[in-house]
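Numbered according to UniProt numbering, the sequence shown terminates at residue 579, and the numbering increases by one at each position without gaps.
To start, the structure itself, in structure tokens.
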Amino acid sequence: MTADEHFVRICGVVKRFGKDAPALDHVDGDILGGRITGLVGPDGAGKTTLIRLMTGLMLPDQGTVAVLGFDTAKDAASIQASIGYMPQRFGLYEDLSVQENLDLYADLRGLPLGERKATYDELLEFTDLKRFTSRLAGKLSGGMKQKLGLACALLRKPRLLLLDEPGVGVDPISRRDLWKMVENLTASGIGVVWSTAYLDEAEACDRVLLLNEGKLLFEGAPAELTGRVADRVFKISGTTGRKREALARYLDADGVVDGVIQGGAIRLVMAPGFTPPATPADTTRSVPQATVAPPRFEDAFIDMLGGGPGGRSKLAEVQTPFANEDGKPVIEAHGLTKRFGDFTAADDISFDIPRGQIFGLLGPNGAGKSTTFKMLCGLLKPSAGEGRVAGFDLRRDAAEARNRLGYMAQKFSLYGDLSVAQNLNFFAGVYGLSGERKRERTRLMVEIFGFGRLLDMSAKDLPLGLKQRLALACAVLHEPEALFLDEPTSGVDPITRREFWTHINGLVEKGVTVLVTTHFMDEAEYCDRISLIYRGRSIALGSPDELKKRVATAACPDPTMEDAFIALVQGSEEKQVAA
């Protein structure tokens, strides 16, 4: 079997779990050798189920899956000996070191003792983990964990590598590193399946399988799907005032399929036969200019799934507005520093956030973002400096400060064994709601986020997108002045991300102040200002346009936020090396 041959054949596959609609519904498809095949689709589309069927860990209810010539129903052991598999969740042992994990997986994979040193050296060099062999896996950054998972999957060079969302929670630099590693593998004929929620990754694949609600909607080259929206994508420039408000109005105009903020402009996808409205009502006094823009895979993806969620946020509509009477910042950081022994996780971080603005904390995995974030939430006591929320000092008035903020953690932090209804009731009580006010706010969250049929379901059994909706609902139950969002959309599909940002943008227009961390650089475009943190220090502070302008060159006159992120981090690294 060689490159370009069919490594996987999926024929009429049906997979059900209980009495619900099929997770996979008569799916047919092929995976080729020497190619990266992207597996894309919204939450609950069936991506993980399909990958597990390819591993032989599950069997289809109908149809067949043949992997490397072996039928999964008859010879799963032969398949598992020939593939590498990296599951969606970090599947290694966090209380073992990097080296101990490699040793354990070498034992499990039957790697001969005589081959181990050379294999370890090659993989540690390949993943740049040689310096960290004694570090516990649980102490690695998100990007380093993914690299270790990849190394363990490659201990015995597989013919087929199955990667279930390897880029989730990983910063742009680490994602690029992972991508380069996998591209190098395909050059030797290895077939790769890369499940992803990042559509820029899907666009870079050789082929994609697009799933939705268990059905295969598209199979082929990404450019083939992208071409379907050619001449229907427009860049709107020349709007004045707040772009978030302008975007919301555009999204509710006739014929608008999708829209996002892109730098100083707004990007719209229009339905066939429609052109962008000249100016949405009350958006601007000038006439915006619409020019045709090159389509992206994400544009075609959203179009094929029926469009985005629109610009209306029911959550924002019931939000009590906050008046900005005194002009004082709502969130303040003054010289915030946190040391763990002789390690400084955050060093002299300072910024302030006025009412009704979005402030982004960006940086590579392990840079100190979450540490800074937790100090401002009152979850970590700073070693030096101070933080304030709504005028309350987090050291002296922690309880008062916490009552003014809502917090959504990086990892799902609600109570998995409690039902949806029990979580809402519990957090309403934590935030001091009672009586009619508690009942009314809980009822609104159920209605706005569509929890009606799910109230008795355990939170741990919800799909990822619904878990994130529940976490946001709990964070805003008490109508906080400040909202702290730590990677709120990590791992969710683009449509769910748009829904989140529709709510966030709407709340900000009502005067809520937002501090957010994210690895999605397109989300960073929604921020009014950004602090880029690297090795515990802020290396850049400014608006998205200001940061991009700093790295613009003759070769790259119009950089993206991802370009700016990488250039600024690499520039800081070079300065530190030179010093």
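Backbone N, C-alpha and C define an ideal beta-carbon position, used for all residues, glycine too.
Quick caveat: nothing in here was measured; it's all calculated off a predicted structure.
Identified DSSP bridge partners for valine 343: Contrary to the premise, residue 343 reads as phenylalanine rather than valine in this sequence. Answer is Phe340.
What number of angstroms, rounded off, separates the C-alpha of arginine 175 from the C-alpha of serine 434? 45 Å
From threonine 502 to leucine 380, what distance separates their C-alpha atoms? Taking the straight line joining both Cα atoms gives about 30 Å.
Rank Ala21, Gly63 and Ile31 by C-alpha distance to the C-alpha of glycine 46 and give the top, closest one. Of the candidates Ala21, Gly63 and Ile31, Ala21 places its Cα closest to the Cα of glycine 46.
Going by beta-carbon coordinates alone, are asparagine 423 and threonine 442 separated by less than 8 Å? no
Same chain, Cβ closer than 6 Å to threonine 283, five either side skipped, listed in chain order: With a pLDDT of only 47 at threonine 283, under the threshold of 50, the placement of this residue in the model should not be trusted; the figure read from the coordinates follows. Cβ within range, chain order: Ala246 and Arg249.
Could you pull out every residue in the same chain whose Cβ sits closer than 7 Å to the Cβ of alanine 197, ignoring the five residues on either side in sequence? Glu165, Val168, Gly491, Val492 and Asp493
In this structure, how does DSSP classify valine 569 when only helix, strand and coil are distinguished? The answer is helix: DSSP assigns valine 569 an H, G or I state.
Can methionine 54 and valine 40 be called in contact, C-beta distance under 8 Å? No. Outside cutoff.
Below 8 Å, how does it come out for the segment 554-570 and the segment 395-402: are there three or more Cβ pairs, yes or no? no
Rounded separation between isoleucine 331 and alanine 482 - CA only: 7 Å
Through-space distance from leucine 472 to glutamate 317, alpha-carbon basis: 16 Å
Closest to phenylalanine 301 by C-alpha separation, out of Val508, Phe359 and Glu203, would be which residue? Glu203
Given this structure, state the Cα-to-Cα distance separating leucine 124 from glutamine 99, to the nearest angstrom. The alpha-carbon atoms of leucine 124 and glutamine 99 are separated by roughly 10 Å.
Of the listed residues Cys11, Asp252 and Ala81, nearest to leucine 216 (C-alpha basis): Cys11
Contiguous alpha helix (DSSP H) assignments of at least 4 residues, all confined to the segment 376-463: 398-403, 420-430 and 435-449
On a CA-only basis, which of Ser141, Arg159, Gly149 and Ala187 is nearest valine 170? Give me that one, please. Ser141
Taking the alpha carbon of leucine 541 as the reference point, which residue from Thr518, Pro309 and Leu362 has its own alpha carbon closest? Leu362
8 Å Cβ cutoff met for isoleucine 31 and glycine 56: no
Contact defined as beta carbons within less than 8 Å: I believe phenylalanine 322 pairs with valine 512. What is the distance between those atoms, to the nearest angstrom? 7 Å
Using CA coordinates, which residue listed in Leu405, Ser195 and Ala384 is at the minimum distance from phenylalanine 392? Leu405
Can you give the Cα-Cα distance for lysine 19 and valine 430, rounded to whole angstroms? 36 Å
Compute the distance between the beta-carbons of alanine 106 and leucine 129, then report whether it is under 8 Å. It is not a contact, given that the beta carbons lie outside the stated cut-off.
Which residue marks the beginning of the beta strand (DSSP E) containing residue 611, and which one marks its end? Because the chain spans 1 through 579 in this model, residue 611 falls outside it and cannot be assessed.
CA nearest to the CA of arginine 312, picked from Lys243, Gly138, Arg339 and Glu499: The option with the nearest alpha carbon to arginine 312 is Glu499.
Which runs of the alpha helix (DSSP H) at least 4 residues long sit entirely within the segment 108-196? Give them in chain order. 113-127, 142-153 and 172-186
With C-beta atoms as the reference, is leucine 455 less than 8 Å away from leucine 462? no
Quick one: what does DSSP say valine 98 is sitting in, helix, strand or coil? helix
Please classify leucine 532 as buried or exposed, where buried requires at least 16 neighbouring CB atoms within 10 angstroms. buried
Taking aspartate 417 as the reference, give the member of Pro382, Met457, Gly450 and Glu386 with the closest Cα. Met457
Once DSSP output is grouped into helix, strand and coil, what is the label at tyrosine 534? strand
I'd like to confirm the pairing. Which residues does DSSP put opposite valine 40 in its beta bridges? Leu210
Rank Asp43, Phe351 and Pro544 by C-alpha distance to the C-alpha of leucine 210 and give the top, closest one. Asp43
Is the distance from the Cβ of aspartate 25 to the Cβ of valine 14 below 8 Å? yes
Return the chain-ordered list of same chain residues with a C-beta closer than 7 Å to the C-beta of glycine 91, the five sequence neighbours on each side being excluded. Gly149
Between the Cα of serine 188 and the Cα atoms of Leu199, Ala367, Glu122 and Arg159, which residue gives the shortest distance? Arg159
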